Amino acid sequence: MSAPESPDRGTTTIVWFRDDLRVTDHPALDAACRRGEALALYVLDEASEGVRPLGAAARWWLDGSLRSLRASLEELGVPLLLRRGPAGQVVPDVLERTGAGGITWNRRYGAPERAVDAAVEQWCAGRGVAARSFRAGLLHEPSELRTGAGGPYRVFTPFWKALRSREVRQPLPAPRAGRGALPRAADAGGGEDPGGWDLLPPPERAEGLARAWTVGEAAAWERLDAFLDRVEDYAEGHDRPDRDGTSRLSPHLRWGEISPYAVWDAAVRHRAERGSSPGLEKFLTELGWREFNWHQLHHVPDLHVRHVRPRFDAFPWRDPAEAAADLRAWQQGRTGIPLVDAGMRQLEQTGWMHNRVRMVTASLLTKNLLVDWRAGEQWFWDRLVDADPACGPGNWQWVAGSGADASPWFRIFNPVTQARKFDPDARYVRRWLPELAGDEGVDPFEPGPLGPALGYPEPIVDLRASRERALDAYASTR
Ligand code: FAD
Numbered sequence: 001m002s003a004p005e006s007p008d009r010g011t012t013t014i015v016w017f018r019d020d021l022r023v024t025d026h027p028a029l030d031a032a033c034r035r036g037e038a039l040a041l042y043v044l045d046e047a048s049e050g051v052r053p054l055g056a057a058a059r060w061w062l063d064g065s066l067r068s069l070r071a072s073l074e075e076l077g078v079p080l081l082l083r084r085g086p087a088g089q090v091v092p093d094v095l096e097r098t099g100a101g102g103i104t105w106n107r108r109y110g111a112p113e114r115a116v117d118a119a120v121e122q123w124c125a126g127r128g129v130a131a132r133s134f135r136a137g138l139l140h141e142p143s144e145l146r147t148g149a150g151g152p153y154r155v156f157t158p159f160w161k162a163l164r165s166r167e168v169r170q171p172l173p174a175p176r177a178g179r180g181a182l183p184r185a186a187d188a189g190g191g192e193d194p195g196g197w198d199l200l201p202p203p204e205r206a207e208g209l210a211r212a213w214t215v216g217e218a219a220a221w222e223r224l225d226a227f228l229d230r231v232e233d234y235a236e237g238h239d240r241p242d243r244d245g246t247s248r249l250s251p252h253l254r255w256g257e258i259s260p261y262a263v264w265d266a267a268v269r270h271r272a273e274r275g276s277s278p279g280l281e282k283f284l285t286e287l288g289w290r291e292f293n294w295h296q297l298h299h300v301p302d303l304h305v306r307h308v309r310p311r312f313d314a315f316p317w318r319d320p321a322e323a324a325a326d327l328r329a330w331q332q333g334r335t336g337i338p339l340v341d342a343g344m345r346q347l348e349q350t351g352w353m354h355n356r357v358r359m360v361t362a363s364l365l366t367k368n369l370l371v372d373w374r375a376g377e378q379w380f381w382d383r384l385v386d387a388d389p390a391c392g393p394g395n396w397q398w399v400a401g402s403g404a405d406a407s408p409w410f411r412i413f414n415p416v417t418q419a420r421k422f423d424p425d426a427r428y429v430r431r432w433l434p435e436l437a438g439d440e441g442v443d444p445f446e447p448g449p450l451g452p453a454l455g456y457p458e459p460i461v462d463l464r465a466s467r468e469r470a471l472d473a474y475a476s477t478r
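Quick note on numbering: full-length UniProt numbering labels position 470 of the sequence shown as 470, and the sequence is numbered without any gaps.
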């Protein structure tokens with residue numbers, strides 16, 4: 001897209017940053033710097049219709065990521081202006097105040113965000129501001145990947161096959177530093193400081209998150225490099241919550257501190273140098289699942305509230321008031337089922353949970369406790385540093401059985417069996433449940449009635465009986 005540029009406007013280009021808080025492989029920044037002076041802009045938009053307000057852990061990450069981005073941009077001589085408000089108003093206001101002749105951004109794929117971008121684009125077209133957008137957050141445009149019949153993919157394997165048959169472009173280097181005179185942020189209506197945005201949770205939680213993560217683009221690259229050194233172990237290790245077997249790149253990808261192109265390219269180079277391995281291929285497939293979830297969101301814009309499979313609209317979830325105590329126990333990591341509680345406490349303390357445990361905790365909530373998956377998704381949305389509008393709801397619907405290419409409803413994880421298989425030495429469970437760490441006489445996977453003496457609750461649900469109840473509930477929707 002591009003509007004004819006008015007000669008009355010200046011040579012400055014505004015680079016509108018969103019979920020792409022990096023300088024390397026940033027096509028919008030690259031294009032602006034090639035054109036002349038660039039001014040970076042981030043808008044905290046909690047007011048536009050349909051835009052989902054960020055959860056607490058995500059806000060914490062955003063605070064650190066903006067500080068890191070500001071430092072990286074300063075090195076390039078590009079000031080970062082922070083503004084808050086509905087982007088459809090704030091962005092035109094910045095364009096007016098600066099007299100900038102152009103604006104660039106990397107595309108986003110949620111429906112409310114696309115509506116905001118379309119409105120800004122229209123405003124630009126009417127004022128002679130050249131607006132240009134780029135693909136940067138996904139390897140392929142969701143609108144371009146279609147089945148032979150022309151519809152969206154609903155099944156992962158053919159989607160993945162189609163995706164792999166297409167060329168993936170090379171990542172761009174960061175722009176070079178030091179280009180001409182720069183507009184001062186004050187010229188654009190006064191910048192704000194993220195410190196004034198009330199992004200941080202209470203100190204105790206913030207400290208836990210800070211202990212677990214280094215936020216920012218440099219940390220993302222370090223994590224990628226360190227992970228690729230051991231990617232060969234990923235085939236087996238990715239399912240083991242007791243090991244550091246996965247990349248932990250998810251929050252960096254969520255915030256765009258590193259692009260999927262950069263990750264893809266690094267993995268493919270690694271393969272060229274060291275040869276293919278099941279671990280590396282599995283890792284690429286997981287990036288494919290990320291794309292698949294965004295593809296779903298593109299076609300089901302309200303994925304966090306609407307079932308992909310309408311059969312679930314009639315599902316007899318428990319009444320929220322009746323299920324409230326169980327939901328609370330699940331949130332607090334006090335269900336009396338160790339693997340689930342360990343995961344929920346890992347989430348609370350670090351803003352992240354291992355994928356295997358995410359599946360088990362989600363299965364317990366939706367199937368054994370018959371709590372509507374949307375309540376669980378909302379909790380994850382608030383607590384995860386990688387909370388993602390596509391991968392969160394997409395995976396919740398996958399576990400619940402209501403999603404595209406989802407796990408069938410009758411696949412109800414047994415959390416005790418899962419723990420014995422994937423945490424065989426109980427290191428994960430003992431790490432997050434200190435109550436169970438010391439007493440060798442207690443089965444850490446199933447303490448049962450011995451739990452309360454250690455300060456650990458008895459199970460809130462009978463796994464076998466609740467499994468039967470879940471199967472009956474599903475049968476009733478036929
Ligand atoms: P790795 O195993 O190293 O995988 C590499 C990358 O691939 C990840 O960083 C992620 O971007 C992508 N990826 C891996 N698994 C999946 C998957 N199942 N679906 C989509 N992308 C995937 N992921 C999020 O990014 N945000 C979420 O809000 C989110 N919510 C989830 C909720 C539930 C109930 C479940 C079961 C999974 C959820 N996931 C979510 C997917 C997955 O658990 C995380 O992406 C993964 O645990 C992140 O850890 P990692 O970076 O070490 O992953």
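Each residue gets a CB set at the ideal place from its N, CA and C atoms; glycine is no exception. Remember, predicted model here, so these are calculated numbers, not experimental data.
- Query: What is the C-beta distance between V15 and S72, in whole angstroms, given that I count them as a contact (C-beta under 8 Å)?
  - Reply: Counted from its first residue, the sequence shown places residue 15 at position 15. Counted from its first residue, the sequence shown places residue 72 at position 72. So it is not a contact: roughly 13 Å between Cβ atoms.
- Query: For the ligand FAD, is there a heavy atom less than 8 Å away from the beta-carbon of W221?
  - Reply: Here residue 221 refers to the residue found at position 221 when the sequence shown is read from its first residue. Result no, Cβ not under 8 Å from the ligand FAD.
- Query: Which residues mark the beginning and the end of the alpha helix (DSSP H) in which T350 is found?
  - Reply: Reading the sequence shown from its first residue, position 350 is the one you call residue 350. Taken as a continuous stretch (DSSP letters only), the alpha helix (DSSP H) holding T350 covers 338 to 350.
- Query: If you measure from the beta carbon of N395 to each beta carbon in chain B, is any gap under 9 Å?
  - Reply: Protein chain content of the structure displayed is limited to a single chain, and chain B is not contained in it.
- Query: Does the beta carbon of A299 fall short of 8 Å from some heavy atom of the ligand FAD?
  - Reply: The residue labelled residue 299 in the question sits at position 299 within the sequence shown. Looking at the sequence provided, one finds His at residue 299 rather than Ala. H299: no, Cβ never under 8 Å from the ligand FAD.
- Task: Kindly examine the ligand FAD and report whether one of its heavy atoms sits closer than 8 Å to the Cβ of T246.
- Result: Counting from 1 along the sequence shown, the entry for residue 246 is found at position 246. With a cut-off of 8 Å, the C-beta of T246 is classified as near the ligand FAD, since at least one heavy atom of the ligand falls inside that distance.
- Task: Count the other CB atoms, across all protein chains shown, that sit within 10 Å of the CB of K161; report buried if there are 16 or more and exposed otherwise.
- Result: The residue you call residue 161 lines up with position 161 of the sequence shown. With fewer than 16 other Cβ atoms within 10 Å, it is exposed.
- In whole angstroms, what is the alpha-carbon distance linking G148 and W289? Within the sequence shown, the letter at position 148 stands for residue 148. Within the sequence shown, the letter at position 289 stands for residue 289. Between the C-alpha atoms of G148 and W289 there is a straight-line separation of about 20 Å.
- Item | Buried versus exposed call for V116 [16 or more other C-beta atoms within 10 Å across all chains shown] | As a position in the sequence shown, residue 116 is number 116, starting the count at 1. With 16 or more Cβ atoms within 10 Å of its Cβ, V116 is classed as buried.
- Item | Selection from T285, D25, A465, D472 that minimises the alpha carbon distance to T157 | Position 157 of the sequence shown holds residue 157. Answer by Cα proximity: T285.
- Pull up the distance between the alpha-carbon of G110 and that of G137, whole angstroms please. Taking the sequence shown and counting its residues from 1, one reaches residue 110 at position 110. Taking the sequence shown and counting its residues from 1, one reaches residue 137 at position 137. Taking the straight line from one Cα to the other gives about 12 Å.
- Message: Rounded to whole angstroms, what is the Cα-Cα separation between V94 and F312?
- Response: Taking the sequence shown and counting its residues from 1, the one referred to as residue 94 is at position 94. Taking the sequence shown and counting its residues from 1, the one referred to as residue 312 is at position 312. Answer to the nearest angstrom: the Cα atoms are 45 Å apart.
- Item | Y456 (DSSP reduced to helix, strand or coil) | In the sequence shown, counting from the first residue as 1, residue 456 sits at position 456. In this structure, DSSP gives Y456 a state outside helix and strand, which the three-state scheme calls coil.
- Item | Range covered by the alpha helix (DSSP H) that runs through F134 | Taking the first residue of the sequence shown as position 1, residue 134 is located at position 134. Where F134 is concerned, there is no enclosing alpha helix (DSSP H), although the beta strand (DSSP E) around it starts and stops at 130 to 134.
- Query: If we count Cβ pairs, one from each stretch, closer than 8 Å, do we get three or more for the stretch 202 to 217 versus the stretch 52 to 67?
  - Reply: yes
- Message: Quick check on Y234: does DSSP put it in helix, strand or coil?
- Response: As a position in the sequence shown, residue 234 is number 234, starting the count at 1. Of the three classes helix, strand and coil, the one that applies to Y234 here is helix, per DSSP.
- Query: What residues in its chain sit with their C-beta under 6 Å from that of S250, if we drop five residues either side in the sequence?
  - Reply: Within the sequence shown, residue 250 is the residue found at index 250, counting from 1. Contacts found: D386.
- F227 in three-state terms, based on DSSP: As a working mapping, residue 227 is identified with position 227 in the sequence shown. Helix at F227.
- Mind checking whether the beta-carbon of F422 lies closer than 8 Å to any heavy atom of the ligand FAD? Reading the sequence shown from its first residue, position 422 is the one you call residue 422. No; taking the cut-off as 8 Å, the Cβ of F422 has no heavy atom of the ligand FAD nearer than that.
- Quick one: Cα of R478 to Cα of D19, how far? The count along the sequence shown starts at 1 and reaches residue 478 at position 478. The count along the sequence shown starts at 1 and reaches residue 19 at position 19. The alpha-carbon atoms of R478 and D19 are separated by roughly 41 Å.
- Message: Suppose the cutoff is 7 Å on Cβ atoms and the five residues either side in sequence are ignored; what does the same chain contact list for R166 look like?
- Response: In the sequence shown, the residue the question calls residue 166 occupies position 166. Same-chain partners within the cutoff: H140.
- For S476, the nearest candidate out of F315, C33, V360 (CA to CA): As a working note, residue 476 is residue 476 in the sequence shown. Of the candidates F315, C33, V360, the one whose C-alpha sits nearest the C-alpha of S476 is F315.
- Message: Suppose you measure from the CA of V120 to the CA of D319; what does that come to, to the nearest Å?
- Response: Taking the sequence shown and counting its residues from 1, the one referred to as residue 120 is at position 120. Taking the sequence shown and counting its residues from 1, the one referred to as residue 319 is at position 319. Cα to Cα, V120 sits roughly 42 Å from D319.
- Tell me whether A342 is buried or exposed, calling it buried when 16 or more other Cβ atoms sit within 10 Å of its Cβ. Residue 342 sits at position 342 when you count from the first residue of the sequence shown. Counting Cβ neighbours within 10 Å, A342 comes out buried, since at least 16 surround it.
- Task: State the Cα-Cα distance for the pair E435 and G88, rounded to the nearest angstrom.
- Result: Along the sequence shown, one-based indexing puts residue 435 at 435. Along the sequence shown, one-based indexing puts residue 88 at 88. E435 and G88: Cα-Cα distance of roughly 51 Å.
- Message: Out of L364, V357, A453, which one is the CA nearest neighbour of G464?
- Response: Within the sequence shown, residue 464 is the residue found at index 464, counting from 1. The sequence given here has Arg at residue 464, not Gly. Of the candidates L364, V357, A453, the one whose C-alpha sits nearest the C-alpha of R464 is L364.
- According to DSSP, which residues form a beta bridge with F17? By 1-based counting over the sequence shown, the position of residue 17 is 17. Partner(s): Y42.
- Query: For the beta strand (DSSP E) that contains N106, what are its first and last residues?
  - Reply: On the sequence shown, position 106 is the one that residue 106 refers to. Unbroken beta strand (DSSP E) run through N106: 102 to 106.
- Query: Ordered along the chain, which non-local residues of its own chain (more than five positions away) have a Cβ less than 7 Å from that of D405?
  - Reply: Taking the sequence shown and counting its residues from 1, one reaches residue 405 at position 405. Same-chain partners within the cutoff: R154, V155, F156.
- Message: Distance check for L41 and T11, CA to CA, integer angstroms please.
- Response: As a first step, residue 11 must be located in the sequence shown, where it is residue number 11. As a first step, residue 41 must be located in the sequence shown, where it is residue number 41. If you take the alpha carbons of T11 and L41, they lie about 16 Å apart.
- Query: Taking the C-alpha atoms as reference points, what is the distance between E458 and M353?
  - Reply: For the purposes of this step, residue 458 is taken as residue 458 along the sequence shown, with counting starting at 1. For the purposes of this step, residue 353 is taken as residue 353 along the sequence shown, with counting starting at 1. Roughly 23 Å separates the two Cα atoms.
- Task: Throw me the rounded Cβ distance for the P447 and P338 pair, which I believe falls under 8 Å.
- Result: One-based indexing of the sequence shown puts residue 447 at position 447. One-based indexing of the sequence shown puts residue 338 at position 338. Right, their Cβ atoms sit about 7 Å apart.
- Query: At which residues does the beta strand (DSSP E) containing R83 begin and terminate?
  - Reply: By 1-based counting over the sequence shown, the position of residue 83 is 83. Residues 80 to 84.
- Query: Does the Cβ-Cβ distance between A262 and L297 come in under 9 Å?
  - Reply: Locating residue 262 in the sequence shown gives position 262, counting from the first residue. Locating residue 297 in the sequence shown gives position 297, counting from the first residue. Cβ distance not < 9 Å, so A262 and L297 don't count as in contact.
- Item | Extent of the continuous alpha helix (DSSP H) run through N395 | Translated into the one-based positions of the sequence shown, residue 395 becomes position 395. Taken as a continuous stretch (DSSP letters only), the alpha helix (DSSP H) holding N395 covers 391 to 400.
- Message: Below 8 Å, how does it come out for the stretch 22 to 37 and the stretch 50 to 57: are there three or more Cβ pairs, yes or no?
- Response: Verdict: no, contact absent.
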